[in-house]
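Q:
Number of protein chains: 2
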Amino acid sequence: MLTRRFSTRAIYQQMRDVLAARIATGEWKPGTALPSEADLAREFGVSPGTARKALKLLEAERLLTRRQGHGTFVNAPSSDERALRYSNIRTSGGERIVGEVKVLKVSEGPANEAQRDRLQLRSEDCACQIRCVRLFNGKPFMVEEISMPSTLFPGLTEREDFGCSIASLAQEFGVLVGGAEERLTIGPAPRDVAEVLGLEVGAPILMLDRLVHAIDGRPVEWRLRHADLADKYYAANLG
Amino acid sequence: MLTRRFSTRAIYQQMRDVLAARIATGEWKPGTALPSEADLAREFGVSPGTARKALKLLEAERLLTRRQGHGTFVNAPSSDERALRYSNIRTSGGERIVGEVKVLKVSEGPANEAQRDRLQLRSEDCACQIRCVRLFNGKPFMVEEISMPSTLFPGLTEREDFGCSIASLAQEFGVLVGGAEERLTIGPAPRDVAEVLGLEVGAPILMLDRLVHAIDGRPVEWRLRHADLADKYYAANLG
DNA sequence: TAGTGGTCTAGACCACAGA
DNA sequence: CTGTGGTCTAGACCACTAA
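So the sequences go chain by chain: S and W. Sequential numbering from 0 applies to the first sequence in the numbering used here. Sequential numbering from 0 applies to the second sequence in the numbering used here.
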């Protein structure tokens, strides 16, 4: 029974948090149909309108899909809706490029200054670091340097497969991803990047700096990428 | 008195359209306080909740600002909220760059193939075309080629000042701007661009291709830009 | 036909801003 | 204090889907 008596937080927000937790922990599995609005309202002891507001929030956060006459369903982190959320590089034909991922190096240790700054870590915190290259049609086009807080992803470096999206990876650790910011600049390709991508050292290349947050605002992943945009473009949506 | 009897469109959507028209035509001027939810509900013969939904839509479209205990106010097209909506180039310090605009050339005539394609024009339609350069701290950093449907902006080419934002310009013609898409690529600077920006011909440069829509979905403006990103970056928000 | 979410109503109380 | 928007209630009817 949710109430506002013991919290300044609105009831529909509290309810959203509880429902999100059920999704994050896997209590509600991907593809599962949720109880109807009316049933959820009864369970939480709130009015149907309030339950509806909580569900609408989770739909906007891409965690649920609702269809009139059908029901409310949990989106898989591997669904296009969630996995391709941050994939903004497309072919000149307009198709999203995901590409295969080849991991080059995995390491873990005390966070460096850049990582502490971007991931809001303290000086004693550690970070996982993954370096990989993305291939499209077998040809490498992007080198990535991924950093994640070790506290959020304990034992991450022991994994074998990093090919999945950050949405899937995070959810395995009970974290739901939310918004992200990306910064784009043009810069000269460093030697190590140029070698992997088959470019000349210093060739102009797109640099992408992306920070992904959890739905509660905590920084979850910082990704620094060098991309060769030949026959491709970066698509931005200005709501 | 709005009703659903004569339209499949939801009442709150119909009401949004009417309110948006009042803003577009200037019947409600920027800075004006709207009647309260309850008064608007009475005027339109709907329940307060329905009126509220219409107002929420317009707030999401950046046309209104609502503040509890204060009221609902019309946003000026020149307000940061609306004018800087599409300004994604920032200084390395993170401040939005607007810059001064210097118009190089204004012309009007039958739309070329690219304009017809991007602005959804028919073969007999005309387009206004404006070429200008943007300066930051007195230094040119971006060349723009702007195209707009002549039918939407009659007499545009007779104007003197194009320095204002597309939101302001469009509203002078009774058009409210909504979403936009942008495509970014890296390419060699053409001679004319390089000369204006003080770069070598063929130097790598950011190309931005942006299409702005009206809130009803019609294409309103197509902008092709070449930008020198030195000491700057492009900021994208991945909601 | 039963059950779902989408819309809509007509109220209530609360938090907040300003006179 | 008054009036605003934010939240919340407890219903109603409708459009849609699938069995």
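Ideal Cβ placement from N, Cα and C applies to all residues, glycine included.
Quick one: list the residues of chain S neighbouring W/THR184, beta-carbon separation under 7 Å, in chain order.
A: The contacting residues are LEU228, TYR232.
Q: Which parts of the segment 96-126 of chain W are runs of the alpha helix (DSSP H), unbroken and 4 residues or longer, counting only runs that do not cross its ends?
A: Taking only runs of at least 4 residues, the alpha helix (DSSP H) segments lying wholly in the segment 96-126 of chain W are 112-118.
Q: Using only alpha-carbon positions, find the residue among W/GLU220, W/VAL73, W/ILE185 that is nearest to W/HIS212.
A: W/HIS212 has its Cα closest to that of W/GLU220, out of W/GLU220, W/VAL73, W/ILE185.
Q: Using beta carbons (cut-off 8 Å, strictly below), is W/ARG133 in contact with chain S?
A: For W/ARG133, the answer is no, since every Cβ of chain S falls outside 8 Å of its Cβ.
Q: When we look at the beta-carbon of W/ASP215 and count the other beta-carbons within 10 Å, is it buried (16 or more) or exposed?
A: Burial call: exposed.
Q: Which same chain residues, not among the five before or five after S/PRO148, have their C-beta less than 7 Å away from its C-beta?
A: These residues qualify, in order along the chain: LEU118, LEU120, ASP124, ALA126.
Q: Give the residues of chain S in contact with W/GLU180, contact being defined as C-beta atoms less than 8 Å apart.
A: Result: ALA234, ALA235, ASN236, LEU237.
Q: Which residues of chain S have a Cβ atom closer than 9 Å to the Cβ of W/ARG240, listed in chain order?
A: Residue 240 of chain W cannot be examined here, being either before or after the span of chain W that is shown, 0 to 238.
Q: Counting only the same chain and skipping the five closest in sequence on each side, list residues whose C-beta sits under 6 Å from that of W/GLY186.
A: Cβ within range, chain order: MET206.
Q: Here's a check: name, in chain order, each residue in its chain whose Cβ is nearer than 7 Å to the Cβ of W/ARG21, leaving out the five neighbours to either side.
A: Closer than 7 Å at the Cβ level, and outside the excluded window around W/ARG21, lie TRP27.
Q: Measuring straight from C-alpha to C-alpha, what distance separates W/ASP230 and W/GLY48?
A: Going from the Cα of W/ASP230 to the Cα of W/GLY48 covers about 49 Å.
Q: For my contact list, S/GLY197 and S/PRO139 are in at a C-beta cut-off of 8 Å; report their separation, rounded to the angstrom.
A: Yes, they are in contact, since the Cβ atoms of S/GLY197 and S/PRO139 sit about 7 Å apart, within 8 Å.
Q: Whose C-beta lies closer than 7 Å to the C-beta of S/LEU151 among residues of the same chain, with five residues either side of it excluded?
A: Around S/LEU151: PHE172, VAL174, VAL219.
Q: Counting only beta-carbon separations shorter than 8 Å, does W/LEU62 have a partner in chain S?
A: Output row for W/LEU62: interface = no.
Q: Closer than 7 Å, Cβ to Cβ, to anything on chain S: give me those residues from the segment 197-231 of chain W, in chain order.
A: Listed by position, the residues of the segment 197-231 of chain W near chain S (Cβ gap below 7 Å) are PRO203, LEU205, LEU228.
Q: Measure the alpha-carbon distance for W/SER167 versus W/LEU155 and round it to whole angstroms.
A: Their backbone Cα atoms lie some 13 Å apart in a straight line.
Q: Tell me the DSSP secondary structure of W/TYR233 in three-state form.
A: Of the three classes helix, strand and coil, the one that applies to W/TYR233 here is strand, per DSSP.
Q: Anyone know if the C-beta pair for W/MET14 and W/LEU33 falls short of 8 Å?
A: Not in contact: W/MET14 and W/LEU33 (Cβ atoms no closer than 8 Å).
Q: For W/GLY162 and W/LEU103, I'd like the C-alpha separation in whole angstroms.
A: Going from the Cα of W/GLY162 to the Cα of W/LEU103 covers about 12 Å.
Q: Starting from the Cα of W/ALA179, find the closest Cα among W/SER6, W/ARG84, W/LEU62 and give me that residue.
A: Closest by alpha carbon: W/ARG84.
Q: Kindly identify the DSSP beta-bridge partner or partners of W/GLY186.
A: BP columns for W/GLY186 point to W/ILE204.
Q: Start and end of the alpha helix (DSSP H) containing S/LEU39?
A: S/LEU39 -> alpha helix (DSSP H) spans 36-43.
Q: So, with DSSP's three-state summary, where would you put W/LEU223?
A: If DSSP states are grouped into helix, strand and coil, W/LEU223 belongs with the strands.
Q: For W/THR31, collect the residues of the same chain with a Cβ closer than 8 Å to its Cβ; drop the 5 residues on either side in sequence, then sort them by chain order.
A: Taken in chain order, the residues that qualify are PHE72, VAL73.
Q: Looking at S/GLN128: is its Cβ nearer than 8 Å to the Cβ of S/SER164?
A: In this structure, S/SER164 does not lie closer than 8 Å to S/GLN128 by Cβ.
Q: Hey, S/ALA75 and S/PRO29 are a contact pair by Cβ (cut 8 Å); roughly how many whole angstroms apart?
A: Yes, they are in contact, since the Cβ atoms of S/ALA75 and S/PRO29 sit about 3 Å apart, within 8 Å.
Q: Using the rule of at least 16 other Cβ atoms within 10 Å of the residue's Cβ for burial, across every protein chain shown, is W/ALA235 buried or exposed?
A: It counts as buried.
Q: Hey, how far is the Cα of S/ALA37 from the Cα of S/VAL45?
A: Those two C-alpha atoms are separated by around 9 Å.
Q: Compute the beta-carbon to beta-carbon distance between S/ARG222 and S/ILE96, rounded to the nearest angstrom, for a pair I have assumed lies under 8 Å.
A: About 15 Å; that fails the 8 Å criterion.
Q: What is the C-beta distance between S/GLY98 and S/ARG41, in whole angstroms, given that I count them as a contact (C-beta under 8 Å)?
A: 46 Å between Cβ atoms; not a contact.
Q: Measuring only the C-alpha atoms, how far is S/ARG3 from S/PHE43?
A: Distance between the alpha carbons of S/ARG3 and S/PHE43: 12 Å.
Q: Can you give, in chain order, each stretch of the alpha helix (DSSP H) that sits fully within the segment 43-82 of chain S and has at least 4 residues?
A: The qualifying runs are 47-59, 79-82.
Q: My assumption, with CB atoms under 8 Å, is that S/ASP79 sits in contact with S/MET141. Please give the rounded CB distance.
A: Incorrect: roughly 20 Å between the Cβ atoms, too far for contact.
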